[in-house]
Amino acid sequence: MGLPKRTLGQTGIEVTQLGYGSMEIRGERIWGGRPCSDDQAKTILNAVLDAGINFIDTANDYGKSEMYIGRHTARRRGEFYLATKCGCHMTFAGDHDDTPHFWTRENILRNISDSLMKMETPYVDLLQLHNPAIELAEEYGLVDLLRELRDAGVVKYIGCSSTVPDLPRYIEWGVFDTFQIPYSAFDRRHENWITKAAEAGAGIIIRGGVARGEPGKTSGRSRTDLWDLFQRAKLDELRGPDEPRTSFLLRFTLSHPHCHTTIVGTIHPDHLEENVNAAIRGPLPADVYAEAKKRLTQAGENPQ
2 MGLPKRTLGQ TGIEVTQLGY GSMEIRGERI WGGRPCSDDQ AKTILNAVLD AGINFIDTAN
62 DYGKSEMYIG RHTARRRGEF YLATKCGCHM TFAGDHDDTP HFWTRENILR NISDSLMKME
122 TPYVDLLQLH NPAIELAEEY GLVDLLRELR DAGVVKYIGC SSTVPDLPRY IEWGVFDTFQ
182 IPYSAFDRRH ENWITKAAEA GAGIIIRGGV ARGEPGKTSG RSRTDLWDLF QRAKLDELRG
242 PDEPRTSFLL RFTLSHPHCH TTIVGTIHPD HLEENVNAAI RGPLPADVYA EAKKRLTQAG
302 ENPQ
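With the sequence shown counted from 1, adding 1 to any position gets you our numbering.
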């Protein structure tokens with residue numbers, strides 16, 4: 002039994018509901034990332050494709066990610082849809098790289114040129130604005146620039162990674178083929194906005210769907226805080242026999258009726274296998290999903 006697929010909005014393309022988020026292969030210089038060797042990147046990227054995942058998401062400021070994708074998957078380019086983001090810039094800052102965003106035409110053209118070169122591809126299936134404030138999108142004419150790149154053939158579809166308070170206005174514009182939006186049992190702020198975006202015809206890419214279940218921080222909240230929420234909501238009672246908590250979290254995200262794909266990153270093949278198995282099991286039963294949301298609400302985690 003293979004991975005389930007969904008149609009990505011009105012693009013018509015069929016994507017696996019489990020996608021791969023390549024931020025985890027960025028390397029240690031970006032946002033406290035972990036070291037990732039060339040061999041590790043080669044192993045995990047090919048394992049992703051071997052598992053049948055056909056959607057890979059990256060960004061121009063994800064460190065070594067785009068380089069690794071080009072080096073290790075260019076020969077398999079026909080097997081997957083490739084999404085990246087623009088507006089990014091990386092600046093050497095001693096023991097790390099800063100990643101400011103600049104929305105000038107020159108920087109975005111540099112972004113896409115750099116991305117295509119590193120990923121060894123003549124086009125990307127999806128180019129997304131990387132979380133600009135709506136005022137900046139208006140000031141710099143970003144939609145017109147994305148359309149120009151689409152007309153030039155280096156981009157097939159255009160999208161936007163965004164959150165509230167900008168997301169509602171972007172949805173109203175009705176110009177983006179996709180939206181990338183955070184959502185998980187630990188972060189339900191956009192639960193209803195995902196529905197509104199999908200009902201407007203956009204494809205939905207969910208990020209943070211496992212809330213970075215490995216040690217670390219998410220949205221400024223410590224792992225202790227998040228797992229405390231899991232316990233307060235008594236979600237352990239809803240897990241299947243021997244089902245890991247992270248698998249339950251992934252299936253919760255997959256249960257949103259408008260989750261077309263969710264990008265989950267890892268550098269560990271065993272974690273990838275766990276994610277694939279969870280995705281094959283599919284969304285939670287409707288009554289379990291409803292009960293989980295009810296318990297999370299009672300524990301204080303609500304949609305906006």
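Even for Gly, the Cβ is constructed at its ideal location relative to N, Cα and C. As the structure is a prediction and not an experimental result, all values here were calculated from the model.
Taking the straight line between their C-alpha atoms, what separation do you get for residue i and residue j?
i, j, result
"P258", "T196", "8 Å"
"A153", "L147", "10 Å"
"L230", "I57", "30 Å"
"A138", "V144", "7 Å"
"K294", "T164", "21 Å"
"A234", "A52", "33 Å"
"S114", "I281", "36 Å"
"Y21", "T263", "8 Å"
"T85", "V176", "18 Å"
"E67", "A75", "11 Å"
"L255", "E200", "17 Å"
"A308", "A42", "Residue coverage of the chain in this structure runs from 2 to 305, which leaves residue 308 outside it and unanswerable."
"L273", "I45", "8 Å"
"R190", "A291", "16 Å"
"V289", "N108", "46 Å"
"E275", "R7", "20 Å"
"L50", "H73", "11 Å"
With DSSP as the reference, label residue i as helix, strand or coil.
i, result
"E302", "coil"
"H73", "helix"
"A201", "coil"
"A153", "coil"
"K86", "strand"
"D243", "coil"
"V125", "strand"
"I57", "strand"
"G221", "Its pLDDT being 47, under 50, G221 is placed unreliably by the model, and nothing is read from it."
"G20", "strand"
"D99", "strand"
"F249", "helix"
"T92", "strand"
"D62", "coil"
"T196", "helix"
"S38", "coil"
"W104", "coil"
With which residues is residue i paired in a DSSP beta bridge?
i, result
"E15", "T8"
"I207", "I182 and T263"
"H257", "The partner list for H257 (beta bridge, DSSP) is empty, contrary to what the question assumes."
"H131", "S162"
"D188", "S185"
Any C-beta of chain B sitting closer than 8 Å to the C-beta of residue i?
i, result
"N108", "This model lacks chain B altogether, as it is built from one protein chain only."
- Task: Just list the beta strand (DSSP E) runs in the stretch 262-294, keeping only unbroken ones of 3 residues or longer that don't cross its boundaries, in chain order.
- Result: You should have 262-265.
- In chain order, each beta strand (DSSP E) run of at least 3 residues that lies wholly inside the stretch 151-186: For the stretch 151-186, whole beta strand (DSSP E) runs of length 3 or above, ordered along the chain, are 156-162 and 179-183.
- Between the stretch 13-31 and the stretch 264-271, do at least 3 Cβ pairs fall closer than 8 Å? Result yes; three or more Cβ-Cβ pairs closer than 8 Å.
- Item | Segment contact flag, the stretch 3-13 with the stretch 30-44, C-beta cutoff 8 Å, min 3 pairs | In short, these stretches do not touch, since the Cβ pair count stays below three.
- Does the stretch 94-102 come close enough to the stretch 117-124 that 3 or more CB-CB pairs lie under 8 Å? No: fewer than three Cβ pairs fall under 8 Å.
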